[in-house]
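At position 51 of the sequence shown (counting the first as 1) the number is 61 in our numbering, and the numbers step up by one without a gap.
For reference, the structure discussed in these notes is given below.
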Amino acid sequence: MNCQLHTSSIIVDAHCDVLTVLAQDKCSLKASRDSGHVDLPRLRKGGVKVQFFAAFISPQYRGNYLRRAMELFDRFYCELDDCSKEIMLARDFNDLVKTIELDKIAAILSIEGGEALEGRIEVLRMFYRLGVRCLTLTWNGRNELGDGVAETWTCGGLTKFGVEVVKEMNRLNMLIDVSHLSEAGFWNVLEISTQPVIASHSNSGTVCPHPRNLTDKQIKALAAGGGVMGLCFYPDFVHQQSPSLEKLLDHIDHIVSIAGPDCIGLGSDFDGYSGRLEGLGDVGDLPALTEGLLCRGYEEEDIRKFLGGNFLHLFKKVWNGKTGEGIVC
């Protein structure tokens, strides 16, 4: 195994749901766990340098979405305090670079589900002030921003409020995440956004036909706009019969063949599902992905792009190395 290639790469995971697990089980990120996919020891073992922590706003919290978001933010900041020697919050690209130089893990706070805004644009601005730098506009269902992929009856796009949110996120230099969004909404975002967008945890719908995956047309458009998609390790999105690391590599092969190597990143969705992907069971197994890419014949330059380089390029472009000061309303 080429350990040097893996350890010298800046590995970015654009989506995990460990905050939900930590809040539910009242456990610590610092402690090694036998269950689940993510903890601090395994993050180190996997070589992760930049980790997105998603505050998932589950439908079960209807009527209390904002409160749920605040509970998960509190869990996030408690973990940062507890793991301050190992993890630091990144609010901008400069923070991210400094954290990596200190050999710490850069933590980026995101929200999965625009329900958390409860229909108010001022809440988005407050989330920004609290350190949120990425928003997945919808989960599977409908919210005030638009339809998710499960709304197959209407298949609607963005609402008027959803358009307002996209424009405000552009102004704030926040990352717009189109994973879970309906296809109509996807095209609305690409038409409206003045900045590249991400699909934080989505795969190829050609390799694995699932509503959560992207069509070839979507992937090509995302890439053409400078966007990046994070490959998701959720077995159902990898292969319908025999999900495995090898099948995940098939997604990379296909995406490269239609859109090139510059639109691929990682968005594991670790701790957002039960079970394990064969060959890539948790974050500590990420070196196996690097080895698999080498076995497929990819050049080291492209492997570094897949592991994190493409996302870093996008972050620098969207965040522009700025601190996000002066968010005038």
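Just so it is clear, CB atoms sit at the ideal spot from N, CA and C, and this is done for glycine as well.
Neighbour-count burial assignment, residue i, 16 or more Cβ in a 10 Å radius
| i | result |
| --- | --- |
| Met-7 | Residue numbering for the chain in the displayed model covers 11 to 339; residue 7 lies beyond these limits and cannot be assessed. |
| Arg-54 | exposed |
| Cys-389 | Limits of the chain in this structure are 11 at one end and 339 at the other, which puts residue 389 out of reach. |
| Arg-52 | buried |
| Cys-242 | buried |
| Ala-233 | buried |
| Glu-111 | exposed |
| Glu-201 | exposed |
| Asp-44 | exposed |
| Cys-13 | exposed |
Candidates the options: closest to residue i by CA position
| i | options | result |
| --- | --- | --- |
| Val-142 | Thr-164, Leu-106, Leu-119 and Pro-297 | Leu-119 |
| Gly-285 | His-264, Asp-246 and Asp-49 | Asp-246 |
| Leu-76 | Ile-115, Ile-97, Leu-127 and Val-107 | Leu-127 |
| Ala-79 | Asp-292, Leu-140, Asp-226 and Lys-230 | Leu-140 |
| Phe-62 | Cys-144, Gly-282, Ser-252 and Val-31 | Cys-144 |
| Asn-198 | Phe-280, Gly-166, Lys-315 and Glu-132 | Gly-166 |
| Thr-148 | Ile-121, Ser-254, Glu-81 and Asn-330 | Ile-121 |
Paired residues, beta bridge with residue i - DSSP
| i | result |
| --- | --- |
| Gly-240 | Gly-275 |
| Cys-353 | A query on residue 353 cannot be resolved here, the shown segment of the chain reaching from 11 to 339 and no further. |
| Phe-62 | Ile-118 |
| Ser-344 | Summary: the structure shown does not reach residue 344, with the chain confined to residues 11 through 339, and so no result is reported for it. |
| Glu-288 | Ser-254 |
Separation of residue j from residue i, as counted between CA atoms
| i | j | result |
| --- | --- | --- |
| Met-223 | Leu-299 | A quick correction: the sequence has Asn, not Met, at residue 223. Each residue's Cα considered, the two are about 20 Å apart. |
| Glu-309 | Val-266 | 13 Å |
| Arg-342 | Asn-183 | No answer is possible for residue 342: the residues shown for the chain start at 11 and end at 339. |
| Gly-275 | Gly-124 | 23 Å |
| Leu-134 | Gly-307 | 44 Å |
| Ala-41 | Leu-32 | 11 Å |
| Asp-312 | Val-328 | 22 Å |
| Thr-169 | Thr-204 | 18 Å |
| Ala-24 | Ser-278 | 7 Å |
| Cys-339 | Ser-210 | Reliability of the predicted coordinates at Cys-339 is poor, the pLDDT of 37 falling under 50, and the value obtained from them is presented with this limitation in mind. Each residue's Cα considered, the two are about 28 Å apart. |
| Taking three-plus beta-carbon pairs below 8 Å as touching, is the stretch 151 to 158 in contact with the stretch 171 to 182? | The stretch 151 to 158, when compared against the stretch 171 to 182, does touch it at the 8 Å Cβ threshold.
| query | Can we say the stretch 158 to 169 touches the stretch 192 to 209, given the rule of at least three CB pairs closer than 8 Å? | reply | These segments touch.
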